[in-house]
Each structure stands twice: as structure tokens, then as C-alpha cells.
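If you read the protein sequences in the order shown, they are chains W and S. Residues in the first sequence are numbered consecutively from 131, following the working numbering. Residues in the second sequence are numbered consecutively from 131, following the working numbering. Heads up, the beta-carbon is just placed ideally off N, CA and C, and yes, glycines get one too. Working notes, beginning with the structure itself.
There are 2 protein chains.
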Amino acid sequence: MKSDIDRLMAERNLDALIVFGGEAENPHRIYLTHGHEANSTIFKKRGRPAVMLTNSMEIENARQSGLDVITYDELKIFELWAQYRDDRDMQLVKIWERYFERFGFSEGRVGVYGFGSLGASWETLKLLSQHFPKLEFVGERQQTIFDVAVATKDADEIKLLKDIGQRTNLVMQAAWDFIGGHRADGDTVVKPDGAPLTIGDVKRFVRIKLLEYELEDPEGMIFAQGRDAGFPHSHGNDAEPLRLGKAIVFDLFPRDMKTKYFHDMTRTWSIGYAAPEVQKAYDEVMTAFNAAMSAYKVGEKTSRYQEIVLDVLEECGHPTGRSHPGTTDGYTHSLGHGLGIQVHESPSFTHLRDDDVIQLGNVFTIEPGVYYPERGFGIRVEDTLYVAENGAIHSLTPMHKELVLPLKG
Amino acid sequence: MKSDIDRLMAERNLDALIVFGGEAENPHRIYLTHGHEANSTIFKKRGRPAVMLTNSMEIENARQSGLDVITYDELKIFELWAQYRDDRDMQLVKIWERYFERFGFSEGRVGVYGFGSLGASWETLKLLSQHFPKLEFVGERQQTIFDVAVATKDADEIKLLKDIGQRTNLVMQAAWDFIGGHRADGDTVVKPDGAPLTIGDVKRFVRIKLLEYELEDPEGMIFAQGRDAGFPHSHGNDAEPLRLGKAIVFDLFPRDMKTKYFHDMTRTWSIGYAAPEVQKAYDEVMTAFNAAMSAYKVGEKTSRYQEIVLDVLEECGHPTGRSHPGTTDGYTHSLGHGLGIQVHESPSFTHLRDDDVIQLGNVFTIEPGVYYPERGFGIRVEDTLYVAENGAIHSLTPMHKELVLPLKG
């Protein structure tokens, strides 16, 4: 949680942290500013409130963050721009000198965070390391302070994620109803005028529904049919008509427009009827899903649940990433991931690592699936779960898990 | 242009380049992959095609990029994951060793690009620098290879940007018509049922219109009225009703959903009538706009046009960032910026730097404005322009520039 950041800084012996970044979307900044990131740099001394450094043009956005705000103009950065316009390295150093002066910070270990241009920041950090020898700029590659903090959600975040989950479920139910209101012509789903209903039509419908619920789709939903559904991250072909009896993987991971938190859910549908091999594989995936669901327990390693699902699916005869490393058939991915401001956060549920443990306040997905592109199908079912204060695991994704989507038309 | 990249690598003595990055949106990767970035790392030797390294799960997306694709599984990276699971630094080094082997690359200068997690990449690059002493990892802070390449658009890009411009203009005209179809009650614009028409209502209308034209709004439009319009980057208050005679700055910078290219345009509207001080300031901004438009010439420094606009607006009595550094009243920003895959690209039109020159193939904005938050208004007018092969400067933003938006209702 956000309230853990000072403790984590102490544990890692960091005296301050900087969230660098330019205009690019910056999850660390979104987190600290409650979604009001503006175009800013954030500085925080351990035990002190975070401060946003920004342009006067961003001041109104920046103030909504609740953080202290200092503008470049207040620090008369424009003087340094003019004075060092012909030596851009020295310009940068002098600007940071002024920032560090303002923050009364001259020596210690500084954690480096933020998202942005990697080449530029590589040069910037080398330059700052060289010019400020009493500062040590420390990056983290794994389980960073932010990774650990975001992995457990506070009560306000859980409330928000519940609400976003409800809205996402309403959108997916609306898509089910929308498709179901059509009729078939042969094996093709058609509109009232007889033209095929395409994946593009469904996606357009869903995007407009998302907007009605103040949700956006920045990463692009997956609506993949037949062979495409056999590739876990294929987004589907917009031009393709919906067909009866083909498995459709519909993975929707929209973001709340205001707060920038995500929901993530997947359903597999087969319109009109299900082919026997699809129904069989679907039932096996649900068996794996339920095996993990009934086993989840606070304090256990997340890798254990991936192993449970691997056991079930291997027993059903599916190749997996454990039995056949590198396979693209069968169960090829991990069981789930945390989510919040990013669609993939800690903890992760893989058998390749075992450093994550289920904790109170975790919000994570469960999403077993099997994939057979050459046999023309793929299946995945996904809910978002949260771990309540009493340790119970609840779903944020109430929507039904029917495989066969009947046409009413 | 993309075709300049090998030449730029030679000029900068780079033997290869790497576009690093994880899941976060990565403009360098979008550029090289024609919008099909997948979650991948890109490696390119000078004079050779770029190669995408990605997960098998991303293979279908990755192939659409037109680049060569190698999966982690083909390189048996899972072996290294397993072998070095307890030493994550060595795991990373061994993985890169395998990549470099596959590319037959063992010494030289490597340009570092991409967008992603800055702390992680800082540690990664330190680690790689230490373990591969024959490789020099070079970042660029200013006018990077990508900055220079994207600044000039090829014929296909210009065609695309024209089309996106037309669609954006249709959306903004639709917003004008939508507002104009309402009536006033006192000084408030109201809906048929008498409830106020709010900024949130207008934004919802615009977002749905954008979708109809296959456009998205990833950065969030500006629709700011009255005092809010006096802050150049205030997004406006959704709850606020539209009022007669208040200046509204409407800055729309949507992105094509398929190709990820932007358009950028701003209009200032005053519903029903314009207050005399708003009309006067608007006319002065348009005088500055036209002065720059009629002066643009290929080969000239971009700073010259900022100076022209500064001259005009200072002569009208407006404070500026040149006459009053750090001012938040008057003309407080630069005249424009290139755009394409990012909403802000090279060239920039500021008086604080003079290293950019107008070139054939440039696409850039012109957006003079004046801001008076305490007097309750701001004004900005913005078109996107392009420099044709014959050196002529054309607008991609045909929409009219009427200030007063009359209500028909």
C-alpha cells in the first residue's frame, strides 16, 4: 500500500526517491499522484511528503494530486535554460543542483523510478552520478518498492476496483446480449439486413458501451475466434464474421477513465453450439480454475497454484510450459497476475519463480486456458479476485461462465 | 524518415541499436513496427533489417509488423530462466549473451532507445556494460536518431496524417453543431429537459464521435471554460455547465486506433456572443497566427517564427515568456511542435533553442494563445501543418475559425 513506501525505503536504505519522466504515461507517477500525474518529476525524502516539480502550464492538474507542487518558474529554471543554452549537459546538472538545493538534499542513496525514454535517462543518470558524487542513484530491477507497494490494495482501492469490476461485467454482459440478439444464416451470424456481424462490429459496440460506463480500452481488447483464439494474445481479426460453433476468447481489460485502475476478465463463448472437443477442453479448464479457487490461502506461495493447475491440465493430457517448455500448444502461460494501475502487477503466479506469496489486500487474476491454433481453437476463463481483510478470497467478476451463447433471433 | 535510420547510425558511429521495453507503450517500438509493437525488444545492426525478440504468445501480433521475428522459445530462453532462477543478474546477462550470439554481435557501439521502467533499465544497462566490456551502450538525450527520423514524414505518413486530420475535423465540427443545437436559459446552455449542458456531456459526445471515426483519446482532450481556459493545460471541469459569453479552449489531439498517429487542433469558442476583451485578444492571436503562417519557409530556423509571434503579441501589450520569463499571463508557451506517433515530436518552435530548422516532410502545429486566468479567459488557436515536397506549407486542419458559436435552439 502507499502507506508502506516509507517503511520500504528504510528497509532498502534509500534516503530519497525520484520518479523521473516526461510526457509518457508513468504508472509510478499515477500511483503517487492518485491519477493526476501531470507532466512532472516527483521527489520524496524518506519520511516526508512527496513533492511534484512541474511546469506552470500543468499547475492546475498538478494541484489535484494532493501533493505539494513546485513550478520550474518558482525555481527560476528559465534562467538556467538561458544561461546554459549552449551546454545542455551543464544545463541539466545546474537544474538538478537547484532542485537538490530546494529540497535540502545533498548526500545519500536515491531510488530511481518512473517510466520514460530509456536512452535519455541512461545518459542523465550517468551525468548526475558523475556530477553529484555524494549521491548514489539506485535502480531496482525486481520487486521494486512500487511493485511491493501496489501489490496490496487499501480499502479505498478495493472499493474502487469492485466498482470498476461491476461496470466491466455489465459491458461484457451487454456484448453477450448484443450478439445473442442476432440470427444465423448458415454458420454465419448476420445483422437484420443479412450482412455478416463482424468482430469489428462487436468491438465497436463494446467500445461505446465502455464509454457509457466511463471506461476506456487503452491496451485494446482481445476478441479472437477460431485459430486466432489459439494464440493467447491475438487481438482477433476485425473483418471476420462471427461463426456458429467456433470458440471465441473475449478478454476485456478496461481502465477507469478517472482513476486509471484496471479490471481484467475473460470469457470463452461458442455461438449456437459448442464442438465436442471445445466443450471437453472448456470443462477441463474450469476444473483447473475451480481447483485453484478452492485452494487459495493467504501466506502460501503463488507458484503453488500454478502447480495445481499444471497438475490438473497435464492429467487431462494437455502439454504445458512445465511438461514441454516452449510449447505453443496446451497451457502455455502463467495462472495470473496482480493488477491495479497497471494491467500486470505483482504478485505473479508462475512456476518459474517462487518469491511471491498471497497477501491480504492482493488483487489478482485467475486465468487458466488451453490453446490449439492448428486445431482452430483456444479457451481461457479469467476472473479478478481480491483477498479480503479476513483472508477470504472473493471474485470481482460475477458474470456467468456459460460457454454456449444462444442466438435469439 | 525511417529510411534515414541507417545513415543516422553511421553519422553517430553506432554499430547497432536496441529498443528496450516491456509492456508499456513504446513510441520507438511503434515507429519501427508500424504500430504492431507487441511486447518485444528490437535489435538492429547498421545496414541490416530490424529484428523483433518476443514471447510466443505475441507471435501473431509481432508478425504483422513486417519485421523479422524471433521468439524467446526459439532461443530456448526458458532454459536460462530455469538454470539461473536464483541469480537474477546472471540470468539477465546469460539471456543477453544468447541474444548477442544469435545476432552475431560481439563488439561496438550500441544505441539505447525505447520507453519503459527507468530504474530497471538503469540497473540493466550498468549490468550489461560491466559484463560486455566490448560493447558501449550509448544513450542520447537530445535530437536522438528517432527524434530526427520522425521529424520528416514520408508520402505514406503524410497521406495517413491528412486522413486523420479530416476525421478529427469532422469530430470537432460535430461538437460545434451539437452545442449549437441547444438553447440558453439565462446565461446557461440547457438540454431539451432544461438541465444544464455540462462539459462532461460535451466530452462524452466527442468521445463517441471519435470512436465512430476510429479515433481514440489516450491523452485526454482539453475543454476548458472561463478561468480554466486561462491555464493552457487545464482539461476543464466536467461538472461545469456551458455558459454564454465565456471563452472555451477546445484542444483535441486524438490518435488513429490502428496506426497510432495523432492529429492536434484547437479552437476557441464563445457561445452566443463574445465579451469585447475576448474578441480583442482573439483577433490579436489570429494576427500572430497569420503572421507566422505567411512567413514559414523551408530552411529557416523554427525559433524565428516564435520570435515573430512574440513580436506581434508583445506589441499588442501581452506579457510573454520572452518579455517576462516565468509569466503565467499572456503568451506563455512555444509556438508549436512536430507530431506523429507522439503528440509532441521534433521540431520544436521555441525561442529558448535554435537548433531546429523547417524541413521538407515536417508535420507540426501552429498554436499561438494568450492566457489570463484572473480575468477568467484564455485563447488558443491551433492547426496542424505539413511541408509538401515543393516546400509549400499546407494545413491539415481545414475547420473554420469562428469565435462565436451561435445557439440555434
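Neighbour-count burial assignment, residue i, 16 or more Cβ in a 10 Å radius
i	result
residue 213 of chain W	exposed
residue 362 of chain W	buried
residue 568 of chain S	For chain S, the structure presents residues 131 to 539; residue 568 of chain S sits outside this window and is missing.
residue 159 of chain W	buried
residue 215 of chain W	exposed
residue 512 of chain S	buried
residue 289 of chain W	exposed
residue 157 of chain S	buried
residue 299 of chain S	buried
residue 429 of chain S	exposed
residue 530 of chain S	exposed
residue 179 of chain W	exposed
residue 386 of chain S	buried
residue 151 of chain S	buried
residue 521 of chain W	exposed
residue 447 of chain S	exposed
Residues near residue i by beta carbon distance below 8 Å, same chain, minus five either side
i	result
residue 425 of chain S	434, 435, 438
residue 279 of chain S	131, 132, 134, 135, 138, 161
residue 143 of chain W	239
residue 481 of chain S	433, 436, 437, 440, 451, 452, 464
residue 373 of chain S	317, 318, 319, 355, 356, 401
residue 331 of chain S	321
residue 416 of chain S	511, 531
residue 181 of chain S	172, 173, 174, 197, 198, 199, 200, 233
Bridge partner(s) assigned by DSSP for residue i
i	result
residue 392 of chain S	S:385
residue 146 of chain S	S:175, S:240
residue 510 of chain S	S:499
residue 467 of chain W	W:478
residue 541 of chain W	Lying before the first or after the last residue shown, residue 541 of chain W is absent from chain W, which here runs from 131 to 539.
residue 245 of chain S	W:247
residue 314 of chain W	W:319
residue 534 of chain S	S:400
residue 515 of chain S	S:494, S:525
residue 461 of chain S	S:450
residue 346 of chain S	S:385
residue 487 of chain S	S:431
residue 371 of chain S	S:328
Neighbourhood of residue i by C-beta, 7 Å cutoff - its chain only, sequence neighbours within 5 removed
i	result
residue 365 of chain S	350, 352, 354
residue 219 of chain S	257
residue 312 of chain W	319, 320, 321, 327, 537, 539
residue 222 of chain W	254, 257
residue 411 of chain W	500, 509
Neighbourhood of residue i by C-beta, 6 Å cutoff - its chain only, sequence neighbours within 5 removed
i	result
residue 287 of chain W	none
residue 228 of chain S	205
residue 444 of chain S	450, 453
residue 267 of chain S	240, 242, 255, 259
residue 404 of chain W	533, 534
Between the stretch 354–369 of chain W and the stretch 335–345 of chain W, do three or more beta carbon pairs fall short of 8 Å?
-> Contact between the stretch 354–369 of chain W and the stretch 335–345 of chain W is absent: fewer than three C-beta pairs spanning the two stretches fall below 8 Å.
Kindly provide the ranges of any alpha helix (DSSP H) runs that are 4 or more residues long and lie completely inside the stretch 168–230 of chain S, ordered along the chain.
-> Those alpha helix (DSSP H) runs which fall completely within the stretch 168–230 of chain S and span 4+ residues are 189–193, 207–213.
If we count Cβ pairs, one from each stretch, closer than 8 Å, do we get three or more for the stretch 302–316 of chain S versus the stretch 259–276 of chain S?
-> Flag = no, the stretch 302–316 of chain S and the stretch 259–276 of chain S do not touch.
Below 8 Å, can you find three or more Cβ-Cβ pairs linking the stretch 499–508 of chain W to the stretch 288–301 of chain W?
-> Flag = no, the stretch 499–508 of chain W and the stretch 288–301 of chain W do not touch.
Three or more beta-carbon pairs under 8 Å between the stretch 186–194 of chain S and the stretch 163–170 of chain S, yes or no?
-> Yes, the stretch 186–194 of chain S touches the stretch 163–170 of chain S.
Taking one C-beta from the stretch 480–493 of chain W and one from the stretch 282–289 of chain W each time, how about it: are there three or more such pairs within less than 8 Å?
-> Touching, yes, given that three or more Cβ pairs across the two stretches are closer than 8 Å.
Meets three-Cβ-pair contact criterion under 8 Å: the stretch 171–184 of chain S and the stretch 218–235 of chain S | Yes, they touch.
Specify whether the stretch 239–256 of chain S and the stretch 266–276 of chain W touch according to this definition: at least 3 beta carbon pairs, one from each stretch, less than 8 Å apart.
-> Contact holds between the stretch 239–256 of chain S and the stretch 266–276 of chain W, because three or more Cβ pairs, one in each stretch, are under 8 Å apart.
For the stretch 249–304 of chain S, which segments carrying the beta strand (DSSP E) assignment without a break, of at least 3 residues, lie completely within its bounds, in sequence order?
-> Entirely contained in the stretch 249–304 of chain S, the beta strand (DSSP E) runs reaching 3 residues are, in chain order, 265–268.
Per the contact definition of three or more C-beta pairs closer than 8 Å, is the stretch 466–474 of chain S in contact with the stretch 391–407 of chain S?
-> Cβ pair count under 8 Å is three or more, so yes.
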